[in-house]
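The sequence shown begins at 3 in our numbering and counts up one residue at a time. Just so you know, even glycine gets a beta-carbon here, dropped at the ideal spot from N, CA and C. Since this is a predicted model, take the numbers as computed values, not measurements.
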Amino acid sequence: MRAIRAMWTSGRLPLDVFLMIRRKKLTIFTDAKDTTSVHELKKIIEGILKVNPTNQQLFNKDNFVMEDDKTLQEYGLTSAIAKAQSPAVVGLALRQENGDFEPLELTPYSSPPDLPDVMKSQESNGQEQLS
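Below is the structure:
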């Protein structure tokens, strides 16, 4: 209902945003409408991780906690920013057994090894043939 209300008040259709939800070594790729609330996004995560939304904390690109009643668009997550080929990152922290939330931790991705020389020459030959 909220998405429909937002559509009529803004005078436009909601657009898809593509997200990479990250926690430690976990990465979840998903999409949502820019009018989706943070709480609704937590419900999507609940469907995947089986963790209640009250036990989740989401963080924006500036590592600030996102409020449940705000929309993705209010955090700058729009279709112009969060594209399929370059999704926006949303951090995820879970509530620990002691009741506190764990600190946000995003394990960096490893870098691929350098290409072997044989492949580098094939790559440059392919580039020359296309020109």
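Secondary structure at Thr38: coil, using DSSP grouped into helix, strand and coil. For Tyr111, there are no CB contacts under 6 Å within the same chain when 5 residues up- and downstream are skipped.
Taking all protein chains in view, the Cβ of Met68 is crowded by 16 or more other Cβ atoms within 10 Å, so the residue is classified as buried. CA-to-CA, the gap between Glu42 and Ser113 works out to about 33 Å. Excluding the 5 residues flanking it on each side, Val40 has same chain C-beta neighbours closer than 7 Å at Leu60, Met68, Glu69, Asp70 and Lys72, in chain order. DSSP, read as helix, strand or coil, puts Asp33 in strand. Between the alpha carbons of Ala90 and Asp116 lies a distance of about 27 Å.
For Val19, the enclosing beta strand (DSSP E) begins and ends at Asp18 to Arg25. Using a Cβ distance threshold of 8 Å, Ile47 and Gln58 count as a contacting pair. In the three-state reduction of the DSSP assignment, Val53 falls in the coil class, being assigned neither a helical nor a strand state. Within the DSSP bridge table, the entry for Val67 names Phe61 as partners. Distances from the CA of Leu106 to each of Val19, Lys63, Thr32 and Glu76 were compared; the closest alpha carbon is that of Lys63.
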